[in-house]
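Remarks on the structure that follows.
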Amino acid sequence: TLGEGGTFLHRCERLAQKFGLRDLYIKDETSNPTGSFIDRGTTVEISKIREQGRKSVCCGLTGNLAASLVAYAARAGLGCKVVLPQRVDIGKFYQTIAYETDIEIAKDSKDACWKAYRLSTQDYMGHFVMPYNLYFLEGEKTTAYEICEQLGWSLPDKIIVPMGSGGHLSMIWKGIKEFYEMGFLKQKTVEMVGTQSKGCPPIVEALQRGDDKIIPVNKISTIAIDICVEDPPCGSMAIQAIRESKGTAMPLLDREIIHAVSLLAKLEGIFAEPAAATTIAGLKRLVDEGRIDHSEKVVCVVTGMGLKYPEVTKNLIKGSKKLEKLLRLVEKRKYGIALGETKLRVLQIISRKESYGYEIWRALEDLGVKVKIPSVYQHLTELEDADLIIRSKSEQVLKKPERHYYKLTERGRVVLSRSEALEE
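Encoded structure:
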């Protein structure tokens, strides 16, 4: 254990007043050891793995799972390998590499999962960790247990939970049913409400079709990366939980999510990552559409801290010239350069294929970015100094100057991915 669980049930006064609600609570999972609810599942999974005599673990999916797994593996003295999708939150990437574990980057979450599985099969004493593993899921039930206890062994009218794999919402509902069967609760009437991003809503779409089967999402475009699971393994379980509880689910736009991050920070002092703030965005949608009574008691589960996705701050301070200026100064110190439009376009060009200065200049012109050739080479030098690109090869063409081709570093791919998500 690292001291997970027992998180605060935060009674919201200012946010409740803004939404016109009488009883609004936030189950603040940001105070878990690695900053997310995932620790609840990881502690049980790792404990059972060590009990079984396994020597190492491996995972490939979301940034929160990787960050949690490397921490608990270190605590248990287990070897650990993680495969992260290219579009991983930069904060979670830094958090994961801090443990000096073995890390690989994959093109997407599906590819990351398969690579991690193959790695785990190469070690007969290894164990493949996924958010649908039995012991992992059992750990997530404790969110429900704590909510019931903290509300005096009663239930709210609604519990709103972000959905990525679908496991957390499913297990909260399972925990409630178990408490009811054991006699800790007099009734189990609570609506489970799931939130997803409009850019990746496979569970919501299945519910809207009246289907039990999940159809994987092919294209992802959202700021709430940690709940972007194209083919959620616990999706059918989440659908069943929502239907049994007579709940609902909704897809949310990025602008709604960013607004929710801002509201939560300014009114309640909780800085949540975008995926976690979807519960607040979902609550606002329910209020605006008149789908919630103002006398209802509501619990929003905020699943992860905002420091895992610090770039969202750029969206929160738009329009504040003073804060935007300060942020630019800090970012210049952080990356060694100011990442303006031209440098981002250069990174995008190089991400498509390895390229050289003149070719990059022509591609910039095609994108409507007018710069002189010497400026392109200056940008390339600065990007190379910042460890965002490296020279991949050099070649001599006839008697012309030597061409130096560039490709993205792993750091460059992560920075570009984050910047593109914020542009969207």
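Going by our numbering, the residue at position 30 of the sequence shown is 139; the numbering climbs one at a time, nothing skipped.
Ideal Cβ placement from N, Cα and C applies to all residues, glycine included.
Only a predicted model underlies this, so the values are computations on that prediction, with no experimental measurement involved.
Counting only the Cα atoms, I281 lies some 5 Å from A253. If you draw a straight line from the Cα of L246 to the Cα of S501, it is about 44 Å long. In the DSSP annotation of this structure, Q305 is not part of any alpha helix (DSSP H); the continuous beta strand (DSSP E) holding it starts and ends at 300 to 306.
Residue environment: I389 is assigned as buried (16 or more neighbouring CB atoms within 10 Å of its CB, all protein chains considered).
Assigned with DSSP and collapsed to three states, I351 falls in helix. Looking at the DSSP output, V410 shares a beta bridge with K136. Counting along the chain, S503 sits inside the beta strand (DSSP E) bounded by residues 498 to 504. The three-state secondary structure of D335, taken from DSSP, is helix. Here DSSP, grouped into helix, strand and coil, assigns K295 to coil. In the DSSP assignment, E213 is bridged to V192. Residue environment analysis places E249 among the buried positions, since at least 16 neighbouring C-beta atoms fall within 10 angstroms of its C-beta.
Taking R394 as reference, the option from Q204, A176, D335, T357 with the minimal CA-CA separation is T357. Around the beta carbon of G413, 16 or more other beta carbons lie within 10 angstroms, which makes this residue buried. Across the set I155, A125, W223, the C-alpha of W223 shows the shortest separation from the C-alpha of D340.
In this structure R149 touches T251 by the C-beta definition: roughly 5 Å separates them, less than 8 Å. Contact between Q195 and R461 fails: their C-beta atoms lie close to 14 Å from each other, not under 8 Å.
DSSP lists Y515 as the bridge partner or partners of S464. The continuous alpha helix (DSSP H) containing L489 extends over residues 482 to 494. With a 10 Å radius around the Cβ and a threshold of 16 neighbouring Cβ atoms, V506 comes out exposed. In the structure shown, V326 adopts coil according to DSSP, grouped into three states.
Per the C-alpha coordinates, the member of K127, A175, D402, D132 positioned closest to C409 is D132.
Assigned with DSSP and collapsed to three states, G477 falls in coil, not helix or strand. Under a 10 Å Cβ-count criterion, M272 is classified as buried, with 16 or more other Cβ atoms of the shown protein chains found around its own Cβ. Judged by beta-carbon spacing, L376 lies beyond the 8 Å limit of K136, meaning their Cβ atoms are not closer than that value. Counting of Cβ neighbours within 10 angstroms places E113 among the buried residues, the total reaching 16 or more. As for any alpha helix (DSSP H) of minimum length 4 sitting wholly inside the segment 346 to 396, the runs are 363 to 377, ordered along the chain.
Nearest neighbour of V485 by Cα position, chosen from S464, G172, D496, I332, turns out to be S464. Residue state for P310 is assigned as coil, using DSSP reduced to three classes. In the same chain as C121, and ignoring 5 residues on each side of it, the C-beta atoms closer than 8 Å to its own belong to L133, Y134, I135, L376, E377, in chain order.
Looking from the CA of G415, the closest CA among T152, G200, V299 belongs to G200. Distances from the CA of Y418 to each of E519, T451, K328, F380 were compared; the closest alpha carbon is that of F380.
Here the alpha carbon of G275 sits roughly 23 Å from the alpha carbon of T205. With fewer than 16 other Cβ atoms from the protein chains shown falling within 10 Å of its own Cβ, K509 counts as exposed. In the three-state reduction of the DSSP assignment, L118 falls in the strand class, which pools E and B. The alpha carbon of W262 has as its nearest neighbour, out of T298, F202, T152, P483, the alpha carbon of T298. Taking C-beta separations shorter than 7 Å and ignoring five residues to either side along the sequence, the partners of E493 in its chain run I499, following chain order.
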